[in-house]
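Asks: In the working numbering, the protein residues as written are 2 to 325.
The beta-carbon is built from N, C-alpha and C at its ideal position, and this holds for glycine as well.
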Ligand SMILES: C[S@@+](CC[C@H](N)C(=O)[O-])C[C@H]1O[C@@H](n2cnc3c(N)ncnc32)[C@H](O)[C@@H]1O
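1) Can you give me the start and stop residues for the beta strand (DSSP E) that residue 114 sits inside?
2) Of all the options 242, 178, 252, which has the alpha carbon lying nearest to the alpha carbon of residue 204?
3) So what's residue 77 in DSSP terms, helix, strand or just coil?
4) Could you tell me how far apart the beta carbons of residue 174 and residue 254 are, in whole angstroms, since I believe they sit closer than 8 Å?
5) Let's test the definition: count the other Cβ atoms within 10 Å of the Cβ of residue 320 and tell me whether it reaches 16, buried, or not, exposed.
6) Taking contact to mean 3 or more Cβ pairs, one atom from each stretch, closer than 8 Å, check whether the segment 157-172 and the segment 90-101 are in contact.
7) Taking the alpha-carbon positions, what's the residue 311 to residue 52 distance?
8) Are the CB atoms of residue 323 and residue 265 within a distance shorter than 8 Å?
9) Quick check on the burial criterion: 16 or more other C-beta atoms within 10 angstroms. Buried or exposed for residue 309?
10) Less than 7 Å between the CB of residue 171 and some heavy atom of ligand 1, yes or no?
11) State yes or no: is the C-beta of residue 254 nearer than 7 Å to some heavy atom of ligand 1?
12) Unbroken beta strand (DSSP E) runs of length 3 or more, entirely within the segment 78-163: which are they?
13) Let me check you understand the geometry: is the CB of residue 326 closer than 7 Å to at least one non-hydrogen atom of ligand 1?
14) Using only CA atoms, which one of 297, 113, 119 lies nearest to residue 218?
15) Just to confirm, is the Cβ distance from residue 113 to residue 137 under 8 Å?
16) Measure how close the beta-carbons of residue 73 and residue 63 come, nearest whole angstrom, since I'm counting them as under 8 Å.
17) Residue 189 lies in the beta strand (DSSP E); which residues open and close that run?
18) With DSSP run on the structure shown, which of helix, strand or coil describes residue 262?
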């Protein structure tokens, strides 16, 4: 082709153009796929509609917070700010920010002067901007549609980077970690609150066995949403069709993080059975009914005992790491 022959006379331009085309093609993987799962899901997520085990106040206050902060009134963000930041710090970065509730919560806490939020979902970024405007934070937070698998971050810019339920969606974890390490200021830290269990929800036999045993003991009214004959492992194809980024390399989130950063705080907080159970039963629960509350408490107790004794891994972790 003539343009190729012409460019061949200018090798630097040829290679620069080739690099740009490759980067653009790679970026298409997420950004040009059309409406993503998260374009559809973000409104419900920001409206606090319970979608899974993490959204139940009883579980948050009585199970998750005690495991992370030791106090049912202190959530993971408040705990992180109190322990690891000399507030207010100048600037923070949020990876896979969704509708932006993490950034708004950090600004509400007075933890940081300005935040930057990045996400591949166009709708999420629109909503995050709108909600920041609504809450009066428009001048302190900046949002951008970005495919984090290919992001290039500015060097030594942020006092902290936060990733909440986002890393398990990234295919190029090594690249993301490298960028985060470079983007942190000296002494800066990386806050991770993540699903780290089986890739693409390929539940272990033990998880399925426990979840189905506990379901069998449920009263009939709570079993009405349970898939018949039992909770099963989704196929990889089903997972990819639903959300191609879901848990794509979740089982590698922690090992790669531990290799590349110095972990200064690490709290496993379960979810290994609770996630499966509540995905199957949540709509049937009446959270104001004390007998239903008791069932949730019993599940938390049983899962907690198995995770604490090491009989069951924890599928969810809170981790604070520093660059080495
Ligand atoms: C489970 S949601 C979490 C959103 C938010 N952090 C929260 O806690 O509500 C995962 C987010 O990761 C985003 N995401 C997935 N793959 C991405 C990628 N390659 N680059 C940037 N964002 C991505 C999705 O668009 C979605 O908003």
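Replies: By the coordinates alone:
1) Per DSSP, residue 114 is one residue of the beta strand (DSSP E) stretching across 113-120.
2) Cα-wise, what sits closest to residue 204 is 252.
3) Helix.
4) Between residue 254 and residue 174 the Cβ distance is about 7 Å, and since that is below 8 Å, they are a contact.
5) Residue environment: residue 320 is assigned as buried (16 or more neighbouring CB atoms within 10 Å of its CB, all protein chains considered).
6) Contact between the segment 157-172 and the segment 90-101 is present: 3 or more CB-CB pairs across the two stretches fall below 8 Å.
7) CA-to-CA, the gap between residue 311 and residue 52 works out to about 28 Å.
8) Taking 8 Å as the Cβ cut-off, residue 265 and residue 323 qualify as a contacting pair.
9) When all chains shown are included, residue 309 counts as exposed.
10) Because some heavy atom of ligand 1 lies under 7 Å away, the Cβ of residue 171 counts as near it: yes.
11) Not a single heavy atom of ligand 1 lies less than 7 Å from the C-beta of residue 254.
12) Fully enclosed beta strand (DSSP E) runs of 3 or longer: 90-96, 113-120, 142-146.
13) Nothing in the structure corresponds to residue 326, since the chain is present only between 2 and 325.
14) The residue with the shortest Cα to Cα distance from residue 218 is 297.
15) No, the pair does not count as a contact, with Cβ atoms beyond the cut-off.
16) Contact between residue 73 and residue 63 holds: CB atoms are separated by about 6 Å, below the 8 Å threshold.
17) Annotation for residue 189: the continuous beta strand (DSSP E) segment containing it runs 185-196.
18) For residue 262, the secondary structure class from DSSP, reduced to helix, strand or coil, is strand.
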